[in-house]
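**Q** The opening position of the sequence shown corresponds to residue 232 in our numbering, with each subsequent residue numbered one higher. Ideal Cβ positions, reconstructed from N, Cα and C, are used throughout, including at glycine. Since the model is a prediction, treat every value here as computed from it, not as a measurement. Take a look at this one; I'll ask things after.
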Amino acid sequence: MSRRIDRINDLLRDEISLLLSRQIKDPRLTGVISITSVNTSNDLRNAEVLLSVMGDEDARRTALDGIQSAASYLRRELRDRISLRYTPFLKFTLDDTLEQAAHILQIMDDIRDEQAQQPPVDGGDQSNSHSASNPCD
Numbered sequence: 232m233s234r235r236i237d238r239i240n241d242l243l244r245d246e247i248s249l250l251l252s253r254q255i256k257d258p259r260l261t262g263v264i265s266i267t268s269v270n271t272s273n274d275l276r277n278a279e280v281l282l283s284v285m286g287d288e289d290a291r292r293t294a295l296d297g298i299q300s301a302a303s304y305l306r307r308e309l310r311d312r313i314s315l316r317y318t319p320f321l322k323f324t325l326d327d328t329l330e331q332a333a334h335i336l337q338i339m340d341d342i343r344d345e346q347a348q349q350p351p352v353d354g355g356d357q358s359n360s361h362s363a364s365n366p367c368d
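Below is the structure:
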């Protein structure tokens, strides 16, 4: 990705975050919503906005529906705030990276707990005794 697109992605993320927190008054957007990243196409006409929404699957879907219904409003506001030749069309997607990471950490904790409950495996000190009493020396 070019530096320009990276800067535009960061700018879009910041502006959309501000708009969501200050301008959008949708009752479906009650939980903690954060924009994890924005991926703009090379021609700057489309942008995928990845969202992280805290809550159960129902709350996440409801929040996504609320944000998608505000997409055209957000695009108009971005057009007024950001000076670009094209204001990108916004596609909102739920980002489940945090949930996947939490799931992996839970699995690792379960394995660690399981190993702590098992008795230690006795190796039988055979490797040390073999070299200590070697009759060929």
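Closer than 6 Å by C-beta to Lys322: which residues in its own chain qualify, once you throw out the five before and the five after it? Chain order, please.
**A** Glu279
**Q** For the alpha helix (DSSP H) holding Ala294, just list the boundary residues, first then last.
**A** Glu288 to Ser300
**Q** May I ask you to report which of helix, strand or coil DSSP gives Leu315?
**A** coil
**Q** If the criterion is Cβ atoms closer than 7 Å, does the pair Val269 and Arg235 meet it?
**A** In this structure, Arg235 does not lie closer than 7 Å to Val269 by Cβ.
**Q** Which of the three DSSP states is assigned to Ile255 in this structure?
**A** In the structure shown, Ile255 sits in coil (DSSP, three-state: anything other than H, G, I, E or B).
**Q** How far does the alpha helix (DSSP H) with Thr328 in it extend, from its first residue to its last?
**A** Thr328 to Gln348
**Q** Report the partner residues of Asn273 according to the DSSP bridge assignment.
**A** Paired residues: none, contrary to the question.
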